[in-house]
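Colleague:
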Amino acid sequence: MKRPLRTLAYRHRWFYDAVSAISALSVGGPERLRQLAPAMLASRLPVGAPVLDLCCGGGEGAIALARLGLRVCGLDVAPRALDQARERARRCGLTVQWIEGLAEDPPLAPCSQAGITIALALHEFSAAERRAVLAACTRLLQPGGWLALVDLHPARGVMALPQQLFCALFETETAIDFLASDLSVELEQAGLAVVQRERLAGGALQRLLAQKPPLAEPHPPE
Ligand SMILES: C[S@@+](CC[C@H](N)C(=O)[O-])C[C@H]1O[C@@H](n2cnc3c(N)ncnc32)[C@H](O)[C@@H]1O
Numbered sequence: 001m002k003r004p005l006r007t008l009a010y011r012h013r014w015f016y017d018a019v020s021a022i023s024a025l026s027v028g029g030p031e032r033l034r035q036l037a038p039a040m041l042a043s044r045l046p047v048g049a050p051v052l053d054l055c056c057g058g059g060e061g062a063i064a065l066a067r068l069g070l071r072v073c074g075l076d077v078a079p080r081a082l083d084q085a086r087e088r089a090r091r092c093g094l095t096v097q098w099i100e101g102l103a104e105d106p107p108l109a110p111c112s113q114a115g116i117t118i119a120l121a122l123h124e125f126s127a128a129e130r131r132a133v134l135a136a137c138t139r140l141l142q143p144g145g146w147l148a149l150v151d152l153h154p155a156r157g158v159m160a161l162p163q164q165l166f167c168a169l170f171e172t173e174t175a176i177d178f179l180a181s182d183l184s185v186e187l188e189q190a191g192l193a194v195v196q197r198e199r200l201a202g203g204a205l206q207r208l209l210a211q212k213p214p215l216a217e218p219h220p221p222e
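FYI, the numbering for the sequence shown is 1 to 222, going by the numbering used here.
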């Protein structure tokens, strides 16, 4: 089911930006929110490493990755979001490759990425679609490559009510299903090892770092 406010938010970017800005206050504002996933890759990857921001939206996360000196592709299904991303990168004087495509089947070579980020997007996919997206990440990552994820987490305490309200107004059944799922288990099922898991924003967000297993060292001849 489509929530009317969500349709409005996607049609009118200013509305989406305003809602995201309010939601981001709990982690220090929109810029800090967009840096949560890139920051996880920063210390793990050398300058120039190829990284992909899946479901890049207006490009804020991809641009944060490019500022770290990484070689960045941003992929999204929405041409309008990609236009905004392109314009934002141009204004910042940064080079990012923008690709229109499906996160479930990105048109990129297997083992081509040292890192992948997915921020605030997985909750928009059904369980079957999430499996396809995570399988695509495993396929695209180089052995030893990293996947950084930021997304909703079932909040408790003071954040529970605002989150329920937010979901009721903006989100679909996929978000409700996502909140009931265990992302760590889904990552492990996709063949990735979860190495870090944090809760942020009073428990309303989760941030995970997972790794594709490195290639086994060849045994020295006996
Ligand atoms: C809530 S926005 C998040 C955007 C961005 N990652 C951020 O942090 O602001 C979700 C994005 O996922 C994109 N998206 C949804 N389904 C997709 C799919 N199947 N393949 C690629 N992108 C998709 C939407 O177009 C939208 O830009």
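Idealized CB from N, CA, C, for every residue including glycine.
#1: Could you please give the first and the last residue of the uninterrupted beta strand (DSSP E) stretch that includes residue 114?
#2: Please list the terminal residues of the continuous beta strand (DSSP E) segment that includes residue 73.
#3: Would you list the one or two residues that DSSP bridges to residue 211?
#4: What is the residue span of the beta strand (DSSP E) that residue 52 lies within?
#5: Using a Cβ-Cβ cutoff of less than 6 Å, which residues in the same chain neighbour residue 84 once the five nearest sequence positions on both sides are dropped?
#6: Taking the straight line between their C-alpha atoms, what separation do you get for residue 29 and residue 60?
#7: Look up residue 100 in the DSSP assignment and give the residues it is bridged to.
#8: Whole angstroms are fine: how far does the CA of residue 208 sit from the CA of residue 196?
#9: For residue 45, report the span of its alpha helix (DSSP H) as first-last.
#10: Anyone know if the C-beta pair for residue 37 and residue 201 falls short of 9 Å?
#11: Label residue 105 either buried or exposed according to how many other C-beta atoms from any shown protein chain fall within 10 Å of its C-beta, with 16 as the threshold for buried.
#12: For ligand 1, is there a heavy atom less than 8 Å away from the beta-carbon of residue 56?
#13: Buried or exposed for residue 72, please, with buried defined as at least 16 other CB atoms from any protein chain shown within 10 angstroms of its CB.
#14: Are residue 65 and residue 137 touching if we call contact CB-CB under 9 Å?
#15: Mapping the DSSP letters down to three states, classify residue 94 as helix, strand or coil.
Modeller: By the coordinates alone:
#1: Here residue 114 refers to the residue found at position 114 when the sequence shown is read from its first residue. Segment 113-119, the beta strand (DSSP E) holding residue 114.
#2: Locating residue 73 in the sequence shown gives position 73, counting from the first residue. First-last of the beta strand (DSSP E) with residue 73: 71-76.
#3: As a working note, residue 211 is residue 211 in the sequence shown. In the DSSP output, where bridge partners are listed per residue, residue 211 has 146, 193.
#4: For the purposes of this step, residue 52 is taken as residue 52 along the sequence shown, with counting starting at 1. That run of the beta strand (DSSP E) goes 50-54.
#5: As a working mapping, residue 84 is identified with position 84 in the sequence shown. These residues qualify, in order along the chain: 58.
#6: Residue 29 sits at position 29 when you count from the first residue of the sequence shown. Residue 60 sits at position 60 when you count from the first residue of the sequence shown. Just so you know, the alpha carbons of residue 29 and residue 60 end up roughly 13 Å apart.
#7: Against the sequence shown, residue 100 aligns to sequence position 100. For residue 100, which the question treats as bridged, DSSP gives the partners 76.
#8: On the sequence shown, residue 196 is found 196 positions in, with the first residue counted as 1. On the sequence shown, residue 208 is found 208 positions in, with the first residue counted as 1. Distance between the alpha carbons of residue 196 and residue 208: 5 Å.
#9: Numbered from its first residue, the sequence shown carries residue 45 at position 45. Unbroken run through residue 45: none, as it is neither H nor E.
#10: Indexing the sequence shown from 1 puts residue 37 at position 37. Indexing the sequence shown from 1 puts residue 201 at position 201. No, Cβ-Cβ distance for residue 37 and residue 201 is not below 9 Å.
#11: The residue you call residue 105 lines up with position 105 of the sequence shown. Counting Cβ neighbours within 10 Å, residue 105 comes out exposed, since fewer than 16 surround it.
#12: Along the sequence shown, one-based indexing puts residue 56 at 56. Within the cutoff, so yes.
#13: By one-based count along the sequence shown, residue 72 stands at place 72. By the 10 Å Cβ count, residue 72 comes out buried.
#14: As a first step, residue 65 is located in the sequence shown; it is residue number 65 there, counting from the start. As a first step, residue 137 is located in the sequence shown; it is residue number 137 there, counting from the start. No, Cβ-Cβ distance for residue 65 and residue 137 is not below 9 Å.
#15: Residue numbering aside, residue 94 sits at position 94 when the sequence shown is read from its first letter. Coil, per DSSP.
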